[in-house]
Amino acid sequence: MDLQIKDKIALITAASKGLGKAVALRLSQEGAKVIICSRNKESISKTEQEISQKTGGIVKSYFCDVTNEEQVAQMIDGIIKKFGKIDILVTNAGGPPSGGFGDFEIDDYRKAFELNLLSTINLCKKVIPTMKKDAWGRIVMITSISVKQPIDNLILSNTARTGVIGFMKTLSNAVAVDNITVNSICPGYTKTDRVENLAKNFAQKNNSTETSFYEKLESNIPMKRIGTTSEFAQTVAFLASEGAGYITGVSLKVDGGFSKGLF
Ligand SMILES: NC(=O)c1ccc[n+]([C@@H]2O[C@H](COP(=O)([O-])OP(=O)(O)OC[C@H]3O[C@@H](n4cnc5c(N)ncnc54)[C@H](OP(=O)(O)O)[C@@H]3O)[C@@H](O)[C@H]2O)c1
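Count along the sequence shown from 1, add 715, and you get the number used in the working numbering.
Rendered as structure tokens:
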């Protein structure tokens, strides 16, 4: 299927590894010109080289912390100067630390909101004017399955990400008339460094093994396996495509059936 995004300008944040990187690779494979960022100069430029070598496409990387308004403004200005516009925005960031109600102070919530909610709002505020000019835009917000079914011991993530969904749905109605779609993809457990670290921590804390972490996790997933970054990325690419132009305001689970609710 031709996604019809060849030569579209796509910004994917937090993309030196994991879900963001897989999305950047996929969009580049589809012919989009891809811009990626993360906080570590060395790893983001390594990823830039890796993707452009694999696809032969145009890939540009920025050193940018999505919680830093000044760095985000500089990056967006740089992209507009070089490419003229941004057609596709995929918002992503790291996840807040794990823990429950008794583990955090108000400042920890503030940091989580900055990382996952305010960074998303800020990126949209900066990118939407250029999409409006062109009367075409695709925004995909990477959240988590926790917006459908809160995950135990992840109170910061559960709280901050549901705010993203409220923002996403409200924004989608406001910009639909400009031919801009706004959706969220909610990953379930997907094999990235983040999950590998969770497995290592589990093994250490419980005097157990990483294999038993995965076995425990997978026993709760109807598909009996965790997801791949490639499966995740293909779903994002579809929502970024021309053909998905009538889908907006949706939060879509990519979780192998993990979330047991109806929606
Ligand atoms: N993998 C899963 O199973 C899963 C499930 C549900 C939700 N999620 C969520 O999806 C997001 C991505 O997960 P992942 O598994 O791909 O994580 P990951 O493998 O740890 O990768 C995180 C990426 O984000 C970048 N990053 C982190 N904080 C940043 C910031 N403030 N500004 C810019 N870049 C930043 C990191 O690069 P630098 O360190 O260089 O900045 C890295 O490229 C996270 O929010 C995670 O909580 C993941």
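Built from N, CA and C at the ideal position, the CB exists for glycine as well.
As the structure is a computational prediction, the values presented were derived from the model and not from experiment.
7 Å CB neighbourhood of residue 851 in its chain, flanking five on each side removed:
802 and 894
Please tell me whether, using a cut-off of 7 Å, the distance from the CB of residue 935 to the nearest non-hydrogen atom of ligand 1 is below it. Set against 7 Å, the gap from the CB of residue 935 to the closest heavy atom of ligand 1 is not smaller.
Which runs of the alpha helix (DSSP H), 4 residues or longer, sit entirely within the segment 850-915? 870-890
Checklist entry - How is the beta strand (DSSP E) around residue 751 delimited, first residue to last? => result Segment 748-753, the beta strand (DSSP E) holding residue 751.
*Locate the alpha helix (DSSP H) running through residue 929, then write down its first and last residues.*
925-934
Note to self: Under 7 Å: does the beta carbon of residue 823 sit that close to some heavy atom of ligand 1?
What the structure shows: no
Residue 911 versus residue 733: straight-line alpha-carbon distance, rounded: Linking residue 911 to residue 733 through their CA atoms gives a straight-line distance of about 11 Å.
Q: Output the distance between the C-alpha atoms of residue 754 and residue 778, rounded to the nearest integer angstrom.
A: 6 Å
Any heavy atom of ligand 1 closer than 7 Å to the Cβ of residue 732? yes
Reduced DSSP category for residue 848 - H, G, I as helix; E, B as strand; rest coil = helix
I'd like to confirm the pairing. Which residues does DSSP put opposite residue 806 in its beta bridges?
856
* Since residue 775 sits in a beta bridge, which residues does DSSP pair it with? -> BP columns for residue 775 point to 750.
**Study point:** Minimum C-alpha distance to residue 735 - residue among 857, 782, 822 and 932
**Key:** 857
If you follow the beta strand (DSSP E) that residue 969 is in, where does it begin and where does it stop? Boundaries of the beta strand (DSSP E) harbouring residue 969: 966-969, taken from the DSSP string.
Thinking just about the alpha-carbon of each residue, which of 863, 946, 808 and 913 is nearest to the one in residue 726? 808
Return the CA-CA distance between residue 835 and residue 806, expressed in angstroms with no decimal places.
6 Å
Practice item. May I have the straight-line CA-CA distance separating residue 905 from residue 948, to the nearest angstrom? Key: 11 Å
* May I ask whether a heavy atom of ligand 1 can be found less than 7 Å away from the beta carbon of residue 755? => At least one heavy atom of ligand 1 is nearer than 7 Å to the Cβ of residue 755, so yes.
Which stretch, first to last residue, makes up the alpha helix (DSSP H) that contains residue 821? First-last of the alpha helix (DSSP H) with residue 821: 821-827.
Taking its Cβ as the centre, do 16 or more other Cβ atoms sit within 10 Å of residue 940, making it buried, or is it exposed? Taking all protein chains shown into account, residue 940 has fewer than 16 neighbouring C-beta atoms within 10 Å of its C-beta and is therefore exposed.
Q. Is there contact between the segment 875-893 and the segment 791-798, where contact requires at least three CB pairs shorter than 8 Å?
A. no
Tell me, which residues are paired with residue 725 by DSSP?
Residue 725 pairs with 749 and 803.
For residue 729, which residues from the same chain have a beta carbon less than 6 Å from its beta carbon, with the 5 sequence-adjacent residues on both sides left out? 735, 753, 807 and 808
Practice item. Report the rounded CA-to-CA distance for residue 848 versus residue 787, giving the unit in angstroms. Key: 20 Å
Could you give the residue range of the alpha helix (DSSP H) that holds residue 770?
756-770
Next item on the list: Return helix, strand or coil for residue 942, following the three-state DSSP convention.
Entry: strand
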